[in-house]
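Residue numbers (our numbering), protein chains in the order written: chain A, 164 to 778; chain B, 8 to 356.
No residue lacks a Cβ here, since even glycine has one placed at the ideal position from N, Cα and C.
Read the structure below first, then the notes.
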Amino acid sequence: MSTETLVGESKSAVRPAIVNDFSIQVATVNGSGSQSSNNVLMRSIFQMGVPVSGKNLFPSNIQGLPTWFTIRASKSSYVARKREVDLLVAMNPQTAREDVASLGPGAAVVYEETLGLEKTRSDLVFYPVPFSDLAKEVIDEVRLRKLLANMIYVGVVGHLLSIDKDEIHAAVEKQFKSKAKAVELNVKAVEIGFAYAEKHLTKSDPLRVERMDATGGKILIDGNAAGALGSMFAGVTVVTWYPITPSSSLVEQLIDYLKAYRIDEKTGKATFAVVQAEDELAAIGMVLGAAWAGARSMTSTSGPGISLMAEFVGLGYYAEIPAVIWDIQRVGPSTGLPTRTAQGDVLSTYLLSHGDTKHILLFPSSAEECFEFGGTAFDLAERFQTPIFVMSDLDLGMNIWMSDPFSYPDKPLDRGKILDAAALEKAKKFARYRDIDGDGIPYRTLPGTRHPLAAYFTRGSGHTADAEYSERPDVYQENLDRLARKFETARRYVPGPVTDEADGNEVGIIAFGTSHWAVLESRDQLRAEHDVSTSYLRIRALPFNDELAGFVERHERIYVVEQNRDAQMLQLVRMELAENAALVARLRSVLHYDGLPIDARSVTDEILRQERSKG
Amino acid sequence: MATTVDEAPASRKTNRIGLTQTDYKGKPSTLCKGCGHDSISSQLVKAFFEYGIEPHRVAKLSGIGCSSKTPAYFLNRSHGFNAVHGRMPSIATGCVLANRELIAVGVSGDGDTASIGIGQFVHLLRRNLPVVYIVENNGVYGLTKGQFSATADLGSKLKTGVSNDLPAIDLCGLAVELGATYVARSFAGDPKQVVALIQGAFGHSGTAVLDIISPCVTFNNHAGSTKSYTWGKDNEELIHEVDFIPHFEDIEVEYGEGEALSVELHDGSHIVLKKLERDYDPRNRRRAMELLAEAHEKQQFLTGLVYVDPKEKTFLDLLNLVDEPLATLSVERVRPPRSALEEIMETLA
Numbered sequence: 164m165s166t167e168t169l170v171g172e173s174k175s176a177v178r179p180a181i182v183n184d185f186s187i188q189v190a191t192v193n194g195s196g197s198q199s200s201n202n203v204l205m206r207s208i209f210q211m212g213v214p215v216s217g218k219n220l221f222p223s224n225i226q227g228l229p230t231w232f233t234i235r236a237s238k239s240s241y242v243a244r245k246r247e248v249d250l251l252v253a254m255n256p257q258t259a260r261e262d263v264a265s266l267g268p269g270a271a272v273v274y275e276e277t278l279g280l281e282k283t284r285s286d287l288v289f290y291p292v293p294f295s296d297l298a299k300e301v302i303d304e305v306r307l308r309k310l311l312a313n314m315i316y317v318g319v320v321g322h323l324l325s326i327d328k329d330e331i332h333a334a335v336e337k338q339f340k341s342k343a344k345a346v347e348l349n350v351k352a353v354e355i356g357f358a359y360a361e362k363h364l365t366k367s368d369p370l371r372v373e374r375m376d377a378t379g380g381k382i383l384i385d386g387n388a389a390g391a392l393g394s395m396f397a398g399v400t401v402v403t404w405y406p407i408t409p410s411s412s413l414v415e416q417l418i419d420y421l422k423a424y425r426i427d428e429k430t431g432k433a434t435f436a437v438v439q440a441e442d443e444l445a446a447i448g449m450v451l452g453a454a455w456a457g458a459r460s461m462t463s464t465s466g467p468g469i470s471l472m473a474e475f476v477g478l479g480y481y482a483e484i485p486a487v488i489w490d491i492q493r494v495g496p497s498t499g500l501p502t503r504t505a506q507g508d509v510l511s512t513y514l515l516s517h518g519d520t521k522h523i524l525l526f527p528s529s530a531e532e533c534f535e536f537g538g539t540a541f542d543l544a545e546r547f548q549t550p551i552f553v554m555s556d557l558d559l560g561m562n563i564w565m566s567d568p569f570s571y572p573d574k575p576l577d578r579g580k581i582l583d584a585a586a587l588e589k590a591k592k593f594a595r596y597r598d599i600d601g602d603g604i605p606y607r608t609l610p611g612t613r614h615p616l617a618a619y620f621t622r623g624s625g626h627t628a629d630a631e632y633s634e635r636p637d638v639y640q641e642n643l644d645r646l647a648r649k650f651e652t653a654r655r656y657v658p659g660p661v662t663d664e665a666d667g668n669e670v671g672i673i674a675f676g677t678s679h680w681a682v683l684e685s686r687d688q689l690r691a692e693h694d695v696s697t698s699y700l701r702i703r704a705l706p707f708n709d710e711l712a713g714f715v716e717r718h719e720r721i722y723v724v725e726q727n728r729d730a731q732m733l734q735l736v737r738m739e740l741a742e743n744a745a746l747v748a749r750l751r752s753v754l755h756y757d758g759l760p761i762d763a764r765s766v767t768d769e770i771l772r773q774e775r776s777k778g
Numbered sequence: 008m009a010t011t012v013d014e015a016p017a018s019r020k021t022n023r024i025g026l027t028q029t030d031y032k033g034k035p036s037t038l039c040k041g042c043g044h045d046s047i048s049s050q051l052v053k054a055f056f057e058y059g060i061e062p063h064r065v066a067k068l069s070g071i072g073c074s075s076k077t078p079a080y081f082l083n084r085s086h087g088f089n090a091v092h093g094r095m096p097s098i099a100t101g102c103v104l105a106n107r108e109l110i111a112v113g114v115s116g117d118g119d120t121a122s123i124g125i126g127q128f129v130h131l132l133r134r135n136l137p138v139v140y141i142v143e144n145n146g147v148y149g150l151t152k153g154q155f156s157a158t159a160d161l162g163s164k165l166k167t168g169v170s171n172d173l174p175a176i177d178l179c180g181l182a183v184e185l186g187a188t189y190v191a192r193s194f195a196g197d198p199k200q201v202v203a204l205i206q207g208a209f210g211h212s213g214t215a216v217l218d219i220i221s222p223c224v225t226f227n228n229h230a231g232s233t234k235s236y237t238w239g240k241d242n243e244e245l246i247h248e249v250d251f252i253p254h255f256e257d258i259e260v261e262y263g264e265g266e267a268l269s270v271e272l273h274d275g276s277h278i279v280l281k282k283l284e285r286d287y288d289p290r291n292r293r294r295a296m297e298l299l300a301e302a303h304e305k306q307q308f309l310t311g312l313v314y315v316d317p318k319e320k321t322f323l324d325l326l327n328l329v330d331e332p333l334a335t336l337s338v339e340r341v342r343p344p345r346s347a348l349e350e351i352m353e354t355l356a
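This is the structure in structure tokens:
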């Protein structure tokens with residue numbers, strides 16, 4: 164089937180069919196209800212067994228501004244953003260001409276026919292559709308017509324790509340769950356689109372979907388939902404937050420899950436507390452207050468919230484209080500691009516607060532890791548009695564990812580070094596900040612412990628091992644050194660890097676978080692197209708462990724790929740290897756920072772450019 | 008003038024749980040001799056002792072400032088948390104959510120509460136969180152050496168003669184308006200009333216705000232100050248006489264009709280308000296606002312229980328929390344079973 168050829172209308176050349184390997188971009192207006200249509204289209208391809216990923220490029224706006232949704236179908240399971248758009252669905256008159264202008268030659272365009280886009284270029288395949296007229300056939304009500312026009316394009320595209328109509332119907336049912344009326348109307352809209360395309364459009368592009376078997380048993384989920392689930396199954400009890408895109412959906416979905424699964428059956432009461440705080444300063448304060456008193460507590464925020472939390476996080480570091488903070492990273496402060504993705508909080512979060520501070524950061528790359536690190540973060544926070552950051556980003560948090568189902572966490576919760584009344588009775592003494600075990604981690608007691616030795620007074624940096632107030636230079640420095648020792652211990656506990664390397668590879672790549680997916684694809688491009696074989700180290704946490712230096716040592720040129728302007732992770736790698744100048748000299752940088760998720764082609768091009776100029 | 012904690016006479020008398028008053032003491036104070044805050048610490052020790060509260064059930068919380076140092080000066084056997092400037096309310100919130108069995112006692116100052124921390128303060132009030140929130144109010148920043156705070160009265164003067172030209176924030180007014188359900192004003196120079204009001208706060212279930220004028224002997228105790236001992240002594244006007252009868256004691260004294268108002272608190276204790284000049288019922292919120300407005304107009308220093316609502320739901324009721332502390336729930340109760348995860352995965356397939 165895949166060798167079948169089609170005759171392109173706009174080009175006389177014979178174009179081979181492109182099966183299960185293309186990207187669709189749907190351009191609509193924010194607030195027009197296109198999200199449901201996009202989900203249905205993506206899910207129906209997924210149900211055909213074809214790997215998909217969905218990325219929503221949306222403005223900071225409720226209604227009226229342009230928005231784009233990209234669906235990538237990839238038989239090779241590539242889920243990074245694809246730079247080129249193969250099929251454009253132009254539903255937004257405001258951006259239609261610009262959207263069409265940005266397409267590569269040979270791309271196809273489905274559009275509202277009154278826009279007259281076919282006149283703008285001669286090297287594309289055009290499929291004009293009278294969406295507004297067709298919508299009138301679905302329903303009289305004007306407001307619903309607009310929503311349903313979006314579902315009509317699902318039918319049109321479905322027909323053009325040979326998507327099984329039954330799969331679209333199944334996806335509509337899944338999308339609208341048990342709402343019979345909505346299912347009926349939307350199915351009708353899909354049918355109208357299908358029928359129109361069948362009757363009036365001549366298939367002239369090479370794109371098509373064919374059944375394969377690569378999505379069996381998989382799930383579709385966004386990283387924020389995965390993080391929420393991971394937190395719930397890790398036994399979170401106190402959740403505080405202040406709404407901020409792109410992190411709000413983590414807590415909102417967590418609230419839904421908690422309400423469904425964490426109400427005590429006998430009493431009907433909640434085994435959790437969620438507080439929408441007045442600001443991020445309060446959100447982190449509540450987390451620290453709750454964790455100090457023994458609860459597994461967390462908050463979720465983004466860069467601007469992280470900066471507001473800075474002072475309290477420093478106190479958490481010095482007073483040694485657990486906290487789990489999700490940073491769903493986004494582009495810079497205030498207005499501008501708050502709804503675009505970046506990995507720009509690495510340095511500022513690693514060193515957050517004043518004085519000498521450094522923190523444990525986790526970098527999930529996938530929905531599965533969001534789930535897993537939801538638990539890891541709590542275990543580390545309580546083991547190390549310090550704030551832990553889970554560094555997700557908008558791309559991972561809010562976009563839809565194909566994933567294996569999550570594994571149930573069987574491991575017991577690590578509540579760390581807590582002395583209860585019985586342990587205190589046995590120990591006969593207690594010094595809150597004494598390093599008994601030589602790992603820098605002291606023991607703590609929880610307020611409410613019924614024992615005369617339990618109480619201690621918690622304060623900032625100036626305290627003795629007995630938690631007494633002190634401003635003595637030697638006491639302060641000893642405490643700082645112990646905290647550094649504790650951080651060294653953390654190197655052995657945090658998730659280590661994932662590596663894939665082969666003997667003889669001169670080029671090594673280092674990446675983390677969502678850059679992983681572009682790197683994965685780029686390595687295949689480098690090998691297949693340019694015969695450049697690469698090794699790969701994916702960072703999953705800070706502090707680094709020893710594997711980093713070894714990896715750099717075994718390769719001639721190391722490219723650190725990241726989504727920020729100033730090569731923040733590269734700076735940290737340099738700091739880590741600072742004592743070995745020869746290793747530092749091997750480090751190079753590949754950066755992507757335009758607010759869009761990083762794509763493989765950009766990585767490949769940049770590595771090749773630097774490889775060619777290496778001499 | 009004020010009695011510091013370490014100077015308090017040790018008594019061998021024991022309370023209902025067998026502890027002496029010394030068992031409720033803290034570290035020696037490092038505040039200036041005669042500081043109003045030390046007097047309040049002494050009254051806290053007395054109040055806890057007389058009430059017979061188990062020290063391990065208390066969490067002492069504070070922000071930053073002279074006042075915020077004081078949790079170290081009472082209840083050595085309780086956990087304490089000296090947080091960051093103005094953010095004690097959020098620490099208190101988390102602490103109480105984690106362990107609802109704790110008695111959270113927050114100590115703050117006028118800078119901590121009325122300026123840097125006013126955001127957290129007003130939201131604490133809104134939530135009616137179970138916490139005793141004491142403001143040791145001296146109208147001045149002590150640790151940074153004598154700047155006006157936002158509770159300094161209009162026209163009051165610094166030692167340097169500089170006059171305050173901004174109106175004071177009335178913390179009791181804010182508290183009544185925004186949802187606190189036990190609001191009192193007192194004076195560090197009136198220890199008897201301070202003790203009774205603190206004990207009443209222990210018996211209360213929601214947010215109890217005690218705005219205690221607590222003179223700063225170093226920076227705000229001079230002529231021209233409206234937060235000095237002399238000014239307080241000369242101007243304090245009692246709304247009523249406050250007596251406290253804990254739930255474990257019988258009410259022995261009988262009062263004649265209209266002579267006193269006895270309000271039953273959440274834990275069965277009673278706060279008894281003996282009538283003086285005015286006929287005042289602190290259960291009437293609108294009347295409370297009027298009283299404060301009146302005091303403001305006439306520049307009166309009224310002390311006593313301004314407002315109380317023993318029945319209003321607290322934040323914990325609204326959250327419908329389980330009865331046990333969240334902090335120590337077993338893993339079986341906080342990790343849903345395998346079947347739950349499978350069910351969720353099914354919906355995402």
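Look at the stretch 691-725 of chain A: it has no residue with a C-beta under 9 Å from a C-beta of chain B. Per DSSP, reduced to three states, the secondary structure at residue 241 (chain B) is helical. A contact between stretches requires three or more CB pairs, one per stretch, nearer than 8 Å, and the stretch 457-469 of chain A fails this requirement with the stretch 516-536 of chain A.
Nearest in C-alpha terms to residue 247 (chain B), of all of B:64, B:161, B:23, B:200, is B:200. Boundaries around residue 642 (chain A) are those of the alpha helix (DSSP H), 636-656, since no beta strand (DSSP E) includes it. Ranked by Cα distance from residue 27 (chain B), the options B:47, B:84, B:95 are led by B:84. For residue 382 (chain A), the nearest CB of chain B lies under 9 Å from its own CB, placing it at the interface with that chain. Neighbourhood of residue 536 (chain A) in chain B, by CB distance below 8 Å: empty, with the nearest CB roughly 16 Å away.
Under DSSP, the beta-bridge partners assigned to residue 564 (chain A) are A:384. Relative to residue 561 (chain A), the option among A:480, A:385, A:312 whose CA is nearest is A:385. Taking C-beta atoms as the reference points, residue 145 (chain B) and residue 220 (chain B) count as a pair closer than 9 Å.
For residue 275 (chain A), the uninterrupted beta strand (DSSP E) segment begins and ends at 271-275. Under the three-state reduction of DSSP, residue 278 (chain B) is assigned to strand. Contact check for residue 288 (chain A) against residue 263 (chain A) fails: the beta carbons are separated by 9 Å or more.
The Cβ atoms of residue 436 (chain A) and residue 401 (chain A) lie closer than 9 Å to each other.
Restricted to the stretch 543-612 of chain A, the alpha helix (DSSP H) segments that are unbroken, complete and at least 4 residues in length are 557-561, 584-590, listed in chain order. The stretch 473-531 of chain A contains, as complete beta strand (DSSP E) runs of 3+ residues, the segments 486-492, 523-525 (chain order).
Fully enclosed beta strand (DSSP E) runs of no fewer than 3 residues occupy 697-702 of the stretch 681-721 of chain A, in order along the chain. Counting every other CB atom within 10 Å of its CB across the protein chains shown gives residue 143 (chain B) a total of 16 or more, marking it as buried. The straight-line gap separating the alpha-carbon atoms of residue 720 (chain A) and residue 692 (chain A) is approximately 19 Å. Taking C-beta separations shorter than 7 Å and ignoring five residues to either side along the sequence, the partners of residue 245 (chain B) in its chain run 283, 310, 311, following chain order. Residues of chain A whose Cβ lies closer than 7 Å to the Cβ of residue 351 (chain B) are, in chain order, 392. Looking from the CA of residue 666 (chain A), the closest CA among A:684, A:651, A:265, A:714 belongs to A:714. For the pair residue 415 (chain A) and residue 278 (chain B), the Cα-to-Cα distance works out to about 43 Å.
Residue 326 (chain B) has its alpha-carbon roughly 47 Å from the corresponding atom of residue 246 (chain A). Residues 199, 203, 311, 314, 335, 338, 339 of the same chain have their beta carbon placed closer than 8 Å to that of residue 349 (chain A), with the five preceding and five following residues left out of the count. Residue 608 (chain A) is not a Cβ neighbour of residue 637 (chain A), given a cutoff of 9 Å. DSSP places residue 188 (chain B) outside both helix and strand once states are collapsed to three, so it counts as coil.
Per DSSP, reduced to three states, the secondary structure at residue 76 (chain B) is helical. At a cut-off of 9 Å between beta carbons, residue 89 (chain B) contacts chain A. When the alpha-carbon of residue 490 (chain A) is set against those of A:481, A:511, A:375, the nearest one is in A:511.
Within chain B, not a single residue places a beta-carbon under 8 Å from that of residue 260 (chain A); the smallest gap is close to 38 Å.
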